[in-house]
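Going down the list, the protein sequences come from chains R and Y.
Each residue of the first sequence is one higher than the one before, counting from 45 in this note's numbering.
Each residue of the second sequence is one higher than the one before, counting from 45 in this note's numbering.
Inspection log for the structure reproduced underneath, given as structure tokens.
2 protein chains.
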Amino acid sequence: MPVLVMKFGGTSVATLDRIRRAAKRVGVEVAKGYDVIVIVSAMAGKTNELVGWVNETSPLYDAREYDAVVSSGENVTAGLMALTLQEMDVPARSWQGWQVPLKTTSQHASARITEIPPDNINAKFAEGMRVAVVAGFQGISDEGRITTLGRGGSDTTAVAFAAAFDAERCDIYTDVDGVYTTDPRICEKARKLDKIAFEEMLELASLGAKVLQTRSVELALRYNVKLRVVSSFEEQSDEAGTLVCDEEEIMELNVVSGVAYSRDEAKMTLISVADRPGIAAAIFGPLSEAGVNVDMIVQNISEEGRTDMTFSCPTDQVARAEKAMIDAKSSGDINFHDIVADTNVAKVSVVGIGMRSHAGVAAKMFQVLSDEGINIKVITTSEIKISVLIDRKYMELAVQALHDAFELEKATV
Amino acid sequence: MPVLVMKFGGTSVATLDRIRRAAKRVGVEVAKGYDVIVIVSAMAGKTNELVGWVNETSPLYDAREYDAVVSSGENVTAGLMALTLQEMDVPARSWQGWQVPLKTTSQHASARITEIPPDNINAKFAEGMRVAVVAGFQGISDEGRITTLGRGGSDTTAVAFAAAFDAERCDIYTDVDGVYTTDPRICEKARKLDKIAFEEMLELASLGAKVLQTRSVELALRYNVKLRVVSSFEEQSDEAGTLVCDEEEIMELNVVSGVAYSRDEAKMTLISVADRPGIAAAIFGPLSEAGVNVDMIVQNISEEGRTDMTFSCPTDQVARAEKAMIDAKSSGDINFHDIVADTNVAKVSVVGIGMRSHAGVAAKMFQVLSDEGINIKVITTSEIKISVLIDRKYMELAVQALHDAFELEKATV
């Protein structure tokens, strides 16, 4: 039978009632003849509670224990979803990551999926099970320890299962009804997109749009998984939500498709670094080993053999980054006067495949921000996006001004 | 190094502060030179919450999914305890049941431990790990599914580990400071026992004293595990609490050592059963298969080939018992007019090794209850205990009257 993957996020399984509602949607697909793999997140708020406990217990925690703790929320939802489906007479069972097994690297708290052997689950489908409910976000390392895939990892779990089981589609059920030109809570003119290209979604996701985890989109792109973002809270139809697909499938290509933002950015500056060949490697090597996701990097002009090095990373990795830098200084690998963290910044980005063939997007963006009196601290660009780091207090203003300037409220025909 | 097993119940790990306090006690034993195996329960209230969700989702739940859900609380505590110990510079890691592996039968929700291969944990002790924090209450079946050992199963986990690792002692840290002659909340004259015989503890545990799970005492008896019940909330000393030990080690043998009670009993009556040879097997076979723990049984005098059969079982198994009986009736295996459940009863028991050599304990018990106007519904006896089923409203009165009558407030010398 054809396989469908359906993923339900934390708000979609926040209560027993919502789990029942989600199970009904699964039942509809089973009735259509699909074997369904359901990926569930933890009930809304549960993972945050667990993460809070870990942080309070041990600020520089052993990531293996972090994973053992925070993965438990998904196990609860998986079992409850299986029971709910059974109550509806749909043959279902739950699977924890290690039971599948969903194999991952040993990079705890941000492990990568290495393999999903489909045999165990397929054997149960062959026996008449119609729904495999899989706890999202988690896997097992070669050492037999529980791993997690990073926040939002259940999206990645879902797409990986869709690829491993050659699923017809991967539906991501969430609390929004699709992908918007920007966050409607910040900009009331935000417009829902019916389709968006993989590459654009990838940039939007990595830039802070919380609809899909970046890696899930990467995976969908690589394995050409048909990915749909759809609301758990509205009537179901095959056309609902936003389809993430190849750009060839999209008629209306805007120069700019969306404006993304992220509050969770910190700007860190190493002051007066001894400038020498290999210094960047000496700094960013240890940061990478410490699990710090460095995003933007700026190096000041060098004076008298010393320079300032600025980079951005997620705010919750600041302590880790500082420790890595201080350790590297103690061991003599690098030399700097001071390390300064500024957590009072935000990142705002514009994204669009049309940029490839249109000049002047960056210039227009900088002009818009300048007209609003917003100072740009750091800039990075790619082929289809431009990001700037600005003072956090201007973030909403910047998003609204850019949305207006690029006329994103209008669908091109 | 010698091994010590320390088990912390739900109230002893109810908050991060309490986990820290428990970890400090573990640290004291590590400093003495022990390798320690810590068995943890879920934080107080967590398992009840999970059980509630399962019951609300599916009253006649698939016990495999029940186990997958309710085992998650212990995983959280195990990880948090390991992190807390690491913060105190004690090398520790967490183990979930399947990681040890703690192997069990496939009787979900009340599985029995079949094997605890010590190799994985011993290898880590050899590498310098000083504390293995094990999630209690859970294991893994031959089919690779998560099992649980029944409520209070963490005690059994602890004793089984003590046996498997030949531990010097198994300390059960809990919210009471030892074993009492009866529940001090019901009878203010209740007295703490310094020592109690395995057999007495076994009866008290199975009769509703909530200090230790019955099977943990059975296991301790069989493998001669030195078992100590001690409070998490008082100063630590090697003499604190109650030692559960061989009766030879106890100087002061009371005729009656304790009065136990249980509110969680239901009386079920099959009305007008066709009486024939093999009828008991036809009734109690299906009940056993359905996982119903039948305790007391009374069969009325048979009239015209029909009889009433009364038995007691835990209140939360009533639905299961009814279903099993109705199924057996539909399939023609038994025949009865009606099945009636009375959940408004309680069981009160007196226990004492001294009974073996003293006649008249039963007579005295019945007289005391009669003097208080309490009607006895069902009676069972063993060599060292007498239990009666009475109306629940008289339970406290019965406990107090029996405690007084047998003068349990006095220690014999």
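Cβ atoms here follow ideal geometry from the backbone N, Cα and C, with glycine treated the same way.
Residue contact with chain R for Gln343(Y): absent (no Cβ-Cβ distance below 8 Å to any residue of chain R). Of all residues in the region 175 to 200 of chain Y, only Gly188 place a beta-carbon less than 7 Å from a beta-carbon of chain R.
When 9 Å is used as the limit between beta carbons, Asn119(R) is near these residues of chain Y: Ala112, Val113, Ser115, Ser116, Asn119, Ile190, in chain order.
Val273(R) sits close to Gly222(R), with the two beta carbons spaced by under 8 Å. Taking 8 Å as the threshold, the shortest C-beta distance from Leu60(R) to chain Y falls below it. Residue burial annotation: Arg137(R) is buried, with at least 16 other C-beta atoms found within 10 angstroms of its C-beta.
In the structure shown, the three-state DSSP call for Ala136(Y) is strand. Counting only runs of 3 or more residues that sit fully inside the region 153 to 232 of chain Y, the beta strand (DSSP E) segments are 157 to 159, 175 to 179, 182 to 184, 190 to 192, 213 to 218, in chain order. In summary, the residues of the region 131 to 145 of chain Y whose CB is separated from some CB of chain R by less than 8 Å are Glu131, Arg137, Ser138, Gln140, Trp142, Gln143, in the order they occur in the chain. Listed in chain order, the positions of the region 87 to 100 of chain R with a beta carbon within less than 7 Å of a beta carbon of chain Y are Leu94, Trp97, Val98, Glu100. The C-alpha of Thr200(Y) is placed about 8 Å away from the C-alpha of Thr258(Y). Under the three-state reduction of DSSP output, Met87(R) falls in the coil class, being neither helix nor strand. In this structure, the straight-line span from the alpha carbon of Ala207(Y) to that of Lys270(Y) is close to 10 Å. In this structure, Ile216(R) lies away from Leu265(R), with their beta-carbon atoms at least 8 Å apart.
A Cβ-Cβ distance of about 6 Å is found for the pair Ser198(R) and Lys51(R), placing them in contact under the 8 Å criterion.
Beta-bridge annotation (DSSP): Pro358(Y) is paired with Glu309(Y). In the DSSP annotation of this structure, the continuous segment of the beta strand (DSSP E) that includes Gln343(R) starts and ends at 341 to 343. Within 9 Å of the CB of Ser346(Y), no CB atom of chain R is found; the nearest one sits about 41 Å away. For a Cβ distance threshold of 7 Å, residue set Glu109, Ala112, Val113 of chain Y lies close to Gly123(R), ordered along the chain. In the DSSP assignment, Thr128(R) falls within the unbroken alpha helix (DSSP H) covering 116 to 131. Cβ-Cβ distances below 8 Å link Tyr105(R) to Val98, Asn99 in the same chain, with the five nearest sequence neighbours on each side left out; the list follows chain order. With respect to Thr387(R), Ala334(R) sits apart: the two C-beta atoms are not nearer than 8 Å.
For Glu347(R), the pairing in a beta bridge is given by DSSP as Arg350(R). For Asp371(Y), the nearest beta carbon of chain R is not closer than 8 Å to its own beta carbon. Checking the DSSP bridge columns, you'll see Asp79(Y) partnered with Val47(Y). In the structure shown, Ala304(R) adopts extended strand secondary structure according to DSSP, grouped into three states. Chain order gives the chain R residues near Ser102(Y) as Leu127, Thr128, Gln130, Glu131, where near means a beta carbon separation below 8 Å.
Here DSSP, grouped into helix, strand and coil, assigns Asp111(Y) to helix. The beta-bridge partner set that DSSP reports for Arg272(R) consists of Asp215(R), Leu287(R). If you draw a 10 Å sphere on the C-beta of Gln361(R), you find 16 or more other C-beta atoms in it, and that means buried. Around Asp106(R), the beta-carbon contacts reaching into chain Y at under 7 Å are Leu127, Gln130.
Closest option to Phe181(R), judged by alpha-carbon separation, among Ala442(R), Ser346(R), Val175(R), Ile190(R): Ile190(R). Residue pairing from DSSP places Asp382(Y) in a beta bridge opposite Ile315(Y). Across the structure, Met45(R) and Val134(R) are spaced so that their CA atoms are roughly 15 Å apart.
Judged by their CB atoms, Ala325(R) and Asn379(R) are not nearer to each other than the 8 Å cut-off. Taking a cut-off of 8 Å for Cβ pairs, the region 395 to 405 of chain R and the region 364 to 376 of chain R do not touch, as fewer than three such pairs fall below it.
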